[in-house]
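Okay, so here's the structure we're looking at.
Shown next, in the form of structure tokens:
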């Protein structure tokens, strides 16, 4: 099974979300939320992420998580992840209750492709204070792909994690999960990183990006937004429209993609020091805003 076949299947089975120039989306991926142990890379940025997420909730954005939201290779179950980052999941629940939450699975949370697993583990949680189960993400469904389709122009933006172009991490993800749990997670405390991850293996990263670009060229230069490699990508109109929102586990910062007012932007949230010595979380515009229609015009030309 080729990467082209896997990407095409993800597109064919994707959830379609209509939008227009009044719609607002924030795209994050590769949060790798863990159990707050030494191996939890998300823990370093959780306050940045929570502040950013609350900003987007308060300002009416829809949230798209493009895979690897939860670190279910290092952790055996969702429960310790939920307990470690309960405030994050309670805020995500607010998006869910307002139909503003679109969740995709990646290789590190590929168990979410099983609807029965999702229903059993994510629908509710036990609250010790009240000594009873409470609703969490009741009725939620995870997808391999999402298509944002413009109501007026019919322009499509294809969202998927990107591990479809990574043969090992898609086909043999169970072996990868096993190796991470028994070998690489204990070695992380010594600073030894998992070499199978394209985020830490530059040669593999380039291969993954090349395969996705080939798929885009075969599919009418469709705007495609992925994660997986953790490397932010923001092309100009006329270039191959291959976007990557980066990750939420960069050192001291998170990156994402905003879609607002018919434009697309690459942004970063990080902690900055004010003149009086206090710290604040700030949003930094890295690329854009670029009109989405410009990519369609460039294609037609």
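Numbering (the numbering used here), first residue to last: 795 to 1095. Idealized CB from N, CA, C, for every residue including glycine. Just so it is clear, the structure is predicted and the values come from calculations on it, not from any experiment.
Rounded to the nearest angstrom, the gap between the Cα atoms of residue 835 and residue 842 is 13 Å. When beta bridges are read from the DSSP output, residue 897 appears opposite 859, 936. Excluding sequence positions up to five before and after residue 896, its CB lies within less than 6 Å of the CB of 858, 940, all in the same chain and listed in chain order.
In the three-state scheme derived from DSSP, where H, G and I count as helix and E and B as strand, residue 1070 is classed as coil. Residue nearest to residue 1076 within the set 1024, 1048, 801 is 1048 (criterion: CA-CA distance).
Secondary structure of residue 830 (DSSP, three-state): coil.
Looking at the DSSP output, residue 1063 shares a beta bridge with 1048, 1077. Separation of residue 1012 and residue 847 (C-alpha to C-alpha, rounded to the nearest whole angstrom) is 35 Å. One alpha carbon belongs to residue 1042, the other to residue 801, and they sit about 24 Å apart. In the DSSP assignment, residue 919 falls within the beta strand (DSSP E) that extends over 918-921. The continuous beta strand (DSSP E) containing residue 809 extends over residues 809-813.
Counting only the Cα atoms, residue 877 lies some 27 Å from residue 853.
Looking at the DSSP output, residue 1020 bridges to 1038. By the Cβ rule, the region 1058-1069 does not count as touching the region 997-1008, because fewer than three pairs are nearer than 8 Å. By the 16-neighbour rule on beta-carbons within 10 angstroms, residue 1078 is exposed. Take the alpha-carbon of residue 925 and the one of residue 1082: they are about 49 Å apart. For residue 1003, no beta strand (DSSP E) run applies; the uninterrupted alpha helix (DSSP H) run containing it begins and ends at 996-1012, by DSSP. Boundaries of the alpha helix (DSSP H) around residue 877: 873-878. Nearest to residue 826 by C-alpha distance, out of 808, 820, 869, is 869. Contact between the region 943-951 and the region 881-892 is not established, with fewer than three Cβ pairs separated by less than 8 Å. Rounded to the nearest whole angstrom, the C-alpha separation of residue 1055 and residue 1084 is 10 Å. With a cutoff of 7 Å on beta-carbon distance, residue 1060 and residue 1036 are scored as not near each other. Here residue 1007 has 1034, 1036 as same chain residues with Cβ atoms under 6 Å from its own Cβ, once five neighbours each way along the sequence are excluded. DSSP lists 1038 as the beta-bridge partner residues of residue 1027. Buried is the label assigned to residue 906, since at least 16 other Cβ atoms lie within 10 Å of its Cβ.
For the 7 Å CB-CB criterion, residue 937 and residue 898 form a contact.
Apart from sequence neighbours up to five positions away, the residues of its chain that approach residue 872 with a beta-carbon distance below 8 Å are 864, 866, 915, 916, ordered along the chain.
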